[in-house]
Amino acid sequence: MKTETLATTPVKAAPPRRTSFYKDHEGLILGGAAVVLVLAAWEAAWQHGRAYSLDAEPMISALFFTGPSAVLGALRETWASGQLPSDLIHSGGNFVVGFTMALAAGVVLGIVIGWFRTVRLLLDPFLNAFYATPRIALVPLIIIMFGIGRLPAIVIVFLSAFFPILINTIVGVKTIDDDLLKAARSFCASHVQIFTTVALPGSVPFILTGVRQGVAHGLIGVVVSEMFVGGEGIGFMIAYSGQTFATERIFLGVAIMAGAGILLTSAAERLQAHFSRWRPER
Amino acid sequence: MNKLDIQNVSKRYWLERESREVPACEGVTLSVADGEFVAIVGPSGCGKTTLLNIVAGLLPYDEGHVRIDGERVEGPGVDRAVVFQHASLLPWRTIAGNVRYGMELHGRFPKPEIEQRTERFIRMVGLQGFERAYPSEISGGMQQRVNLARALASDPKVLLMDEPFAALDAQTREFMQAELLKIWRQARKTVLFITHQINEAVYLADRVVVMSSRPGRIKDVFDIPFARPRALELKRDARFLAIEDRIWKLIEEESESILAGGGSTPAGAPAV
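If you're matching them up, the sequences are chains A and B in order.
Under my numbering, the residue at position 119 of the first sequence is numbered 388, and the numbers go up by one with no gaps.
Under my numbering, the residue at position 95 of the second sequence is numbered 168, and the numbers go up by one with no gaps.
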């Protein structure tokens, strides 16, 4: 009886994989919903607190706190007045110039230091000390040396981004697989060939890790340098708004820096993924 | 005319930890004829890999001569190619890119010929269809085929193989041995093959050289009389087993003399 049933039961085809819009974008939908929810709660609390008065004073003062709508208002206002675009261009310029120089110098020097053992041993104590020192501690010194304005800001961004890129590049070159060097040598590779076919491509993933960290540190450098030495830029906007109790502008500046951070870091991550295609899936 | 002449070659290593010199191999003399397949067996640490690295030009030697076609070996050369124990493939290059690598470094072939040879040797090792895969995407056995194809494609006169199948599982290893013989019959290279597996050596080679343990010296040389092509079943043939047994006894004697304290390994130190 039982065998009969088994024999006559048609084999069911495996159900087709169901793809729904929700399943494909689960992270985005849940994450987005959470952000919207938090913003809405924030806005509601802010509106409510402002309207509700205690002893004829609003419970939440616009001096100390703000809400999303007020931040948006600040955005519109500063954009229309041309202040925000000019600050953005100023900060963006500081970042791009400082970071590009850090990238070029960090990669070139990192390769040299990683490649030549003696150079590395000579410089190691200094590199370790510099890497461990918060670069912010150098700001007063940089102001003394470079004055105020654009140049010291660029120097600070440069120093912030340079060390992560340098250190990671050194590690990348240093940790090249000996077996690969041996194979290259057995095929009569010249020093230049070893460099271009083994050392450089082998360190690319490390260099890109350095770039990612460098972006993050560079952004900190932008804000801090402008707070100290700038008359312009997003960092200056944040510092100045703080002094004038323009709370919503502080939030605006912070939000802009956060956005820039997310954008640049994810771009660096994409770049890293692209150059790591050959790596086994992790 | 001998293709490869190793004459009285000695090599000593400086042991930093113990501040003394250890001989890796001593007075090794060996000639390999054109197109001949010679295998070297010996216990671990007998200096067989050292010898191969010397022939490859990757390691300087203290005494003696290594000559290829009568010319002294002074470093790596386009007349030799090494198949390493670890596939040593560039992980960021595709299979085709890795097979091409040796030829690119040599710069002897024009571009179209490099392409043509890449394709030909990928086919020879049976990896067509995997040209665009990365090394991390293929098995260990396949990686060793790429390693072999890379060496063959660079068109060496002498192929140096350093325990190329040691890291493979037993089944894959057997299969690769048979494949290697097939490829060798097509490519007709002079081969120096290092292994610690006696039956691998007997199955593959025209002659098997047995090395003693440290310092590595040539203990005996066996001519392997079996006709080619050789089927894998040969390994179960009584004459095959007899040769294998004689070599095994020779190596066993060697290991025993170490355990009895006859070797130069200091007492208490692990016999590596």
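Glycine is no exception: its CB is placed at the ideal position from the N, C-alpha and C atoms.
Do L488/A and A529/A have their beta-carbon atoms positioned less than 9 Å apart in this structure? Result yes, Cβ atoms of A529/A and L488/A sit closer than 9 Å.
Who pairs with C98/B in a beta bridge, going by DSSP? Beta-bridge partners assigned by DSSP to C98/B: K84/B and G289/B.
What distance in whole Å lies between the Cβ atoms of D279/B and F110/B, which are believed to be in contact at a cut-off of 8 Å? Contact holds; Cβ gap of about 5 Å.
Which listed residue (A401/A, G336/A and S472/A) has its alpha carbon closest to that of S429/A: Considering only alpha carbons, the answer is A401/A.
Verify whether the separation of the beta carbon atoms of I267/B and T122/B is less than 9 Å. Cβ distance < 9 Å, so I267/B and T122/B count as in contact.
Assigned secondary structure, L570/A (DSSP; H/G/I helix, E/B strand, else coil): Shown here, chain A extends from 270 to 551; a query on residue 570/A therefore has no answer.
CA-CA distance, H179/B and A251/B? Approximately 29 Å, taken between the alpha carbons.
Applying a beta-carbon distance threshold of less than 7 Å, which residues of chain B neighbour A452/A? Here the neighbours are F157 and S161.
State buried or exposed for L532/A, treating a residue as buried only when at least 16 other CB atoms are found within 10 Å of its CB. Label assigned to L532/A: exposed.
Which residues in chain B have a C-beta closer than 7 Å to the C-beta of Q462/A? List them in chain order. Ordered by position in chain B, the residues that pass the 7 Å Cβ test against Q462/A are L178.
Could you tell me the alpha carbon to alpha carbon distance between I417/A and V498/A, rounded to whole angstroms? Between I417/A and V498/A, the C-alpha separation is close to 5 Å.
Please name the residue in R223/B, R153/B, K308/B and I187/B whose C-alpha comes closest to that of V198/B. When only C-alpha atoms are compared, the closest one is R223/B.
Please list, in chain order, the chain A residues whose beta carbon lies closer than 7 Å to that of L200/B. Near L200/B there are no residues of chain A at all, since even the closest Cβ is about 17 Å away, more than 7 Å.
So, for E259/B: in the same chain, excluding its five sequence neighbours on each side, which residues have a beta-carbon less than 8 Å away from its beta-carbon? In the sequence under discussion, the amino acid at residue 259/B is Gln, which differs from the Glu named in the question. Taken in chain order, the residues that qualify are M197.
Listed by chain order, chain A residues near G150/B by CB distance under 9 Å: Near G150/B (Cβ distances below 9 Å), the residues of chain A are C457.
Tell me whether V345/B sits in a helix, a strand or coil according to DSSP, three-state version. Note that V345/B scores a pLDDT of 39, beneath 50, so its modelled location is shaky; the value from the coordinates is reported in the next line. Three-state result, V345/B: coil.
What residues of chain A sit near A129/B, judged by a beta carbon separation below 8 Å? For A129/B, the C-beta contacts it makes with chain A under 8 Å involve S455, in order along the chain.
Work out the CA separation of L241/B and G214/B for me, nearest whole Å. For G214/B and L241/B, the distance between alpha carbons rounds to 6 Å.
Could you check how far apart the C-beta atoms of L392/A and I382/A are, in whole angstroms? I think they sit under 8 Å. Yes, they are in contact, since the Cβ atoms of L392/A and I382/A sit about 6 Å apart, within 8 Å.
Report back the beta-carbon spacing between E204/B and I195/B to the nearest angstrom; my notes put them in contact at under 8 Å. The beta-carbon separation of E204/B and I195/B, rounded to 6 Å, stays under the 8 Å limit for a contact.
Extract the residue ranges of the alpha helix (DSSP H) inside the stretch 273–333 of chain B, only unbroken runs of 4 or more that lie entirely within it. Within the stretch 273–333 of chain B, the complete alpha helix (DSSP H) segments at least 4 residues long are 311–332, listed from N- to C-terminus.
Span of the beta strand (DSSP E) around T465/A: Careful: T465/A lies outside any beta strand (DSSP E) and carries neither H nor E.
Who are the Cβ neighbours of E91/B in its own chain at under 7 Å, not counting the five residues just before and after it? Closer than 7 Å at Cβ, skipping near neighbours: no residue.
Taking C-beta to C-beta, are P298/B and K255/B nearer than 9 Å? In this structure, K255/B does not lie closer than 9 Å to P298/B by Cβ.
Output, in chain order, the set of chain B residues within a Cβ distance shorter than 9 Å of N539/A. First, the residue type needs correcting, since residue 539/A is Arg and not Asn in the sequence shown. Residues of chain B passing the Cβ test: none, with the nearest at roughly 18 Å.
Delimiting residues of the beta strand (DSSP E) encompassing L233/B: In the DSSP annotation of this structure, the continuous segment of the beta strand (DSSP E) that includes L233/B starts and ends at V231 to D235.
Residues that L357/A bridges to, as DSSP identifies them: According to DSSP, L357/A bridges with nothing at all.
Taking the alpha carbon of E177/B as the point to measure from, which residue in W165/B, V156/B, V151/B and S161/B has its own alpha carbon closest? Selection W165/B, V156/B, V151/B and S161/B evaluated against E177/B yields V151/B as nearest (Cα-Cα).
Would you call K271/A buried or exposed, if buried means 16 or more other Cβ atoms sit within 10 Å of its Cβ? Only weak support exists for where K271/A lies, its pLDDT of 42 falling under 50; the value from the coordinates is given anyway. Residue burial is scored here from C-beta neighbours: K271/A has fewer than 16 other C-beta atoms within 10 angstroms and is therefore classed as exposed.
Look at the alpha carbon of P133/B and the alpha carbon of I127/B, and state the distance between them as a whole number of angstroms. Answer to the nearest angstrom: the Cα atoms are 6 Å apart.
Sorted by chain position, which residues of the same chain lie with C-beta nearer than 8 Å to S355/A's C-beta, five sequence neighbours on each side aside? Excluding sequence neighbours, S355/A sits near E501.
Is the number of C-beta pairs between the stretch 224–236 of chain B and the stretch 140–158 of chain B that are closer than 8 Å three or more? The stretch 224–236 of chain B and the stretch 140–158 of chain B touch, with no fewer than 3 CB-CB distances between them shorter than 8 Å.
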